[in-house]
Amino acid sequence: MMKENRSDLLHTLTERLKAIDYNKLPISDYNKRYIGNLKPALSYFMHIYADCLQRGLQAIQTPISDVTLIDYGGGTGFLSILAKSIGIGQVIYIDLNPSSVETIQLLKQIIGIGPDIILHGDSDVLADWCARNKVYPQLLIATDLIEHVYDLSLFFKDLIHINDSMYLLFTTASTPFNPYVQQRLHKMMVGCESGSLESPNYYTLREQFITKLCPAFSPKEVETWARKTRGLTYPDIQKAIEKKSLPSPEDPYNTCDPATGNWAERILPIQTYEDLLAPYQFKLKVEKGFYNADRNNPVLSLICKGINALIRNSGSFGFLLAPFIILSCGKERADAI
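Add 1402 to a position in the sequence shown, counting from 1, and you land on the number used in my numbering.
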């Protein structure tokens, strides 16, 4: 499809999605709020999805009608809808949130196009489905997801087991480069861990769990274990206590919900991703994201366009300004060694 046609298609699809009154749909209040928050900047997010699709398709060099794409942690399903609209052969949508799964099923009926396969679950569910159905996707895209995954080692193992030459593409606003973004996310993490952004906060949840699990612990022991087990789930906290192995969090801020393992926008060094991918002979490419330049205020639009140009053209300095990063992971080719 010509670039101009894709641009027209993107605009038309965005307007169709904007025109839907989501508050009148029989979907969860959570999804109504989530989509409501996306709507004012929907064209921006659709451009991010289009950018990811373009990068992924260029990387795998497969005829578009032969491509099987995984929209992992698909949320609204807008990426899946766009992927089918541009002609991708098969799209598999998967999300852990049952409300999101219900929403994309409904949207597919309303729009008349959407993912071919809709799954509810995690990476193990996806791996099992692909194995049972002998499906070997060439491309996986996940936006704003990787920073929440509890066990990345298991996550990559499951994904690469599906197809060890599958191309993986992630976007994350948890960039280790932009100091302003880091400061904002660190403040949010502190709010989740010991403040009032979560109620009860994560520290209190761990404290309550340890108090109940170990009634013989003194208040000081409970406090020490609750503090040192930041970033662990309840089962892993219990294992650590049973082994009498007091953990030491690697990062002063990263924290997760001990009930679900969902990290609060975890920021990781790029080296960590590289180390996790190395056993599979996967190479990591890190690229710069961009700001929303499609704004109602023409002055703001002009400023954002200028910043985006600076990000694009300023080499490594651009990472300090970029609002998010793109992590592209692909198998090392023999001819590239």
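Glycine included, C-beta positions come from ideal geometry on N, C-alpha and C. These figures come from a predicted structure and were not determined experimentally.
Fill in: Same chain only: Cβ atoms within 6 Å of N1433, ignoring 5 sequence neighbours per side
Looking up residue 1433 in the sequence shown gives position 31. Excluding sequence neighbours, N1433 sits near S1501, T1505.
Item to complete: Starting from L1712, trace the alpha helix (DSSP H) both ways and give me its first and last residue.
Response: Walking along the sequence shown from the start, residue 1712 turns up at place 310. Note, L1712: alpha helix (DSSP H), 1700-1715.
Discussion item. What would DSSP say about A1661, mapped onto helix, strand or coil?
Written reply: The residue labelled residue 1661 in the question sits at position 259 within the sequence shown. The answer is coil: DSSP assigns A1661 none of H, G, I, E or B.
Item to complete: Please confirm whether L1541 and L1471 have their CB atoms less than 7 Å apart.
Response: Along the sequence shown, read from residue 1 onward, the residue named residue 1541 stands at position 139. Along the sequence shown, read from residue 1 onward, the residue named residue 1471 stands at position 69. Contact: yes.
Worksheet item: Should P1517 be labelled buried (16 or more other beta-carbon atoms within 10 Å of its own) or exposed?
Response: For the purposes of this step, residue 1517 is taken as the residue at position 115 of the sequence shown. When all chains shown are included, P1517 counts as buried.
Worksheet item: Applying the criterion that 16 or more other CB atoms from any shown protein chain within 10 Å of the CB defines a buried residue, is G1497 buried or exposed?
Response: Here residue 1497 is taken as the residue at index 95 of the sequence shown, counted from 1. Correcting the residue identity first, residue 1497 is Asp in this sequence and not Gly. By the 10 Å Cβ count, D1497 comes out buried.
Worksheet item: Once you ignore the five residues that flank Y1675 on each side, which residues in its own chain have a CB closer than 7 Å to its CB?
Response: What you label residue 1675 is simply residue 273 of the sequence shown in a count that begins at 1. So the list reads L1686, L1729, once near-sequence residues are dropped.
Worksheet item: Who are the near neighbours of T1545 in its chain, counting only those whose CB is closer than 6 Å to its CB and skipping five residues on each side?
Response: As a first step, residue 1545 is located in the sequence shown; it is residue number 143 there, counting from the start. Counting only Cβ-Cβ distances below 6 Å, and skipping sequence neighbours, we find T1573.
Worksheet entry | Which residues DSSP lists as bridging V1688, in chain order | Working through the sequence shown from its first residue, we reach residue 1688 at position 286. Bridge partners of V1688: L1729.
Worksheet entry | Proximity of A1485 and M1591 at Cβ, strictly below 7 Å | As a working note, residue 1485 is residue 83 in the sequence shown. As a working note, residue 1591 is residue 189 in the sequence shown. Not in contact: A1485 and M1591 (Cβ atoms no closer than 7 Å).
Worksheet item: Going by DSSP, which residues form a beta bridge with L1493?
Response: The count along the sequence shown starts at 1 and reaches residue 1493 at position 91. According to the sequence provided, residue 1493 is Val. The question's Leu does not apply to it. Paired residues: L1471.
Worksheet item: Residues bridged to A1461 by DSSP?
Response: To locate residue 1461, count along the sequence shown from 1; it is residue 59. For A1461, which the question treats as bridged, DSSP gives no partner whatsoever.
Worksheet entry | Enclosing beta strand (DSSP E) for F1572 [first to last residue] | For this step, residue 1572 is matched to residue 170 along the sequence shown. Counting along the chain, the beta strand (DSSP E) containing F1572 begins and ends at 1569-1574.
Item to complete: Along the beta strand (DSSP E) that carries L1542, what are the first and last residues, could you check?
Response: Start at 1 with the first residue of the sequence shown, and residue 1542 comes out as number 140. Element bounds for L1542: 1541-1545.
Item to complete: Would you mind working out which of I1713, P1428, R1668, Q1673 sits nearest C1594, comparing C-alpha positions?
Response: For this step, residue 1594 is matched to residue 192 along the sequence shown. Minimum Cα distance to C1594 is reached at R1668.
Worksheet item: Any idea what DSSP makes of L1648, helix, strand or coil?
Response: One-based indexing of the sequence shown puts residue 1648 at position 246. Three-state DSSP puts L1648 in coil, outside helix and strand.
Fill in: Anticipated Cβ contact below 8 Å, Y1636 with P1660, distance rounded
The residue you call residue 1636 lines up with position 234 of the sequence shown. The residue you call residue 1660 lines up with position 258 of the sequence shown. Indeed, because the Cβ distance is near 5 Å, the residues count as touching under 8 Å.
Practice prompt. Using beta-carbon positions only, say whether P1649 and T1626 come within less than 7 Å of one another.
Written response: Position 247 of the sequence shown, counted from the start, is the residue given in the question as residue 1649. Position 224 of the sequence shown, counted from the start, is the residue given in the question as residue 1626. Going by C-beta atoms, P1649 is not nearer than 7 Å to T1626.
Discussion item. So, for E1549: in the same chain, excluding its five sequence neighbours on each side, which residues have a beta-carbon less than 7 Å away from its beta-carbon?
Written reply: The sequence position of residue 1549 within the sequence shown is 147, counting from 1. Spatial neighbours of E1549 in its own chain (CB-CB distance under 7 Å, excluding positions within 5 residues in sequence) are listed in chain order as T1574, S1576, W1665, E1667, R1668.
Discussion item. Please state the DSSP three-state secondary structure of I1361.
Written reply: Lying before the first or after the last residue shown, residue 1361 is absent from the chain, which here runs from 1403 to 1739.
Fill in: Stretch-stretch touch, CB-based, cutoff 8 Å, three pairs: the stretch 1718-1726 with the stretch 1592-1611
no
Worksheet item: Helix, strand or coil for E1667 per DSSP?
Response: The residue given as residue 1667 occupies position 265 in the sequence shown. Looking at E1667 - three-state DSSP - the assignment turns out to be coil, as it is neither helix nor strand.
Discussion item. Taking the beta carbon of R1714 as the centre, do at least 16 other beta carbons fall within 10 Å, making it buried, or is it exposed?
Written reply: Counting from one through the sequence shown, the residue named residue 1714 turns up at place 312. Exposed, since its Cβ has fewer than 16 Cβ neighbours within 10 Å.
Discussion item. Starting from R1435, trace the alpha helix (DSSP H) in both directions and tell me its first and last residue.
Written reply: Position 33 of the sequence shown holds residue 1435. Taken as a continuous stretch (DSSP letters only), the alpha helix (DSSP H) holding R1435 covers 1431-1440.
Discussion item. Quick check on this structure: which residue in L1670, S1596, F1726 has the alpha carbon closest to the alpha carbon of V1583?
Written reply: Looking up residue 1583 in the sequence shown gives position 181. Measuring from the Cα of V1583, the nearest candidate turns out to be F1726.
Item to complete: Take R1586 as the anchor and find which of N1565, C1731, Y1655 has the nearest alpha-carbon.
Response: On the sequence shown, residue 1586 is found 184 positions in, with the first residue counted as 1. The candidate whose alpha carbon is nearest that of R1586 is Y1655.
Worksheet item: By a C-beta neighbour count over all protein chains shown, 10 Å radius and 16 as the cutoff for buried, is N1580 buried or exposed?
Response: On the sequence shown, residue 1580 is found 178 positions in, with the first residue counted as 1. So N1580 counts as buried.
Worksheet item: Among I1513, D1677, N1439, K1690, which residue has its Cα nearest to the Cα of T1414?
Response: By 1-based counting over the sequence shown, the position of residue 1414 is 12. Ranking the options by Cα distance to T1414, first place goes to I1513.
Practice prompt. Report yes if the CB atom of Y1495 is closer than 7 Å to the CB atom of S1487, and no otherwise.
Written response: Residue 1495 sits at position 93 when you count from the first residue of the sequence shown. Residue 1487 sits at position 85 when you count from the first residue of the sequence shown. Contact: no.
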